[in-house]
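Numbering (the working numbering), first residue to last: 1 to 159. Beta carbons: idealized from backbone N, C-alpha and C, even for Gly. Remember, predicted model here, so these are calculated numbers, not experimental data. Each remark here refers to the structure printed beneath this line.
If you want it as structure tokens, here you go:
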């Protein structure tokens with residue numbers, strides 16, 4: 001007898017994990033967390049001019065004491081000197097994130113960062129359209145709620 005299939009939505013991370021695992025392993029990352037949480041790990045000032053590129057793990061010679069890895073960072077040209085001076089701070093913060101002395105050295109690669117384009121804030125809905133929609137909702141007694149639903153309706157109609 002076969003089990004019934006899951007009929008509820010699955011998180012996107014469950015679907016993407018098998019796909020991204022191989023790509024991340026090729027770059028030395030055990031998980032995508034260091035990439036997605038880079039600003040939380042090292043701070044916004046350092047993250048603004050650097051991003052992790054890969055982790056080079058040394059070949060294992062004896063299993064008693066693993067050697068620390070090298071974290072390769074992509075940095076923008078003008079900030080490379082500052083990042084180099086902050087390497088001890090970055091090492092401390094990254095190793096604190098991992099919970100052990102995983103990274104022993106930082107290597108820098110000067111290149112432009114891949115930045116996400118900042119998303120433009122949507123324009124507010126037309127106040128006149130929001131007022132007209134709110135007037136068609138006499139069943140809502142709370143005036144603030146009626147106005148909020150009117151703004152929502154105007155925003156939906158705009159798209």
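- Under the DSSP definition of a beta bridge, residue 34 lacks any partner.
- Just so you know, the alpha carbons of residue 125 and residue 140 end up roughly 20 Å apart.
- A Cβ-Cβ contact shorter than 8 Å links residue 72 with residue 56.
- Sequence-distant partners of residue 151 (beyond 5 residues in either direction) whose C-beta falls short of 7 Å from its own C-beta, in its chain, are 125 and 130.
- Under the three-state reduction of DSSP output, residue 120 falls in the coil class, being neither helix nor strand.
- By DSSP's assignment, residue 54 forms a beta bridge with 72.
- For the pair residue 101 and residue 68, the CB atoms are nearer than the 8 Å cut-off.
- Take the alpha-carbon of residue 85 and the one of residue 106: they are about 11 Å apart.
- In the DSSP assignment, residue 133 falls within the alpha helix (DSSP H) that extends over 127-135.
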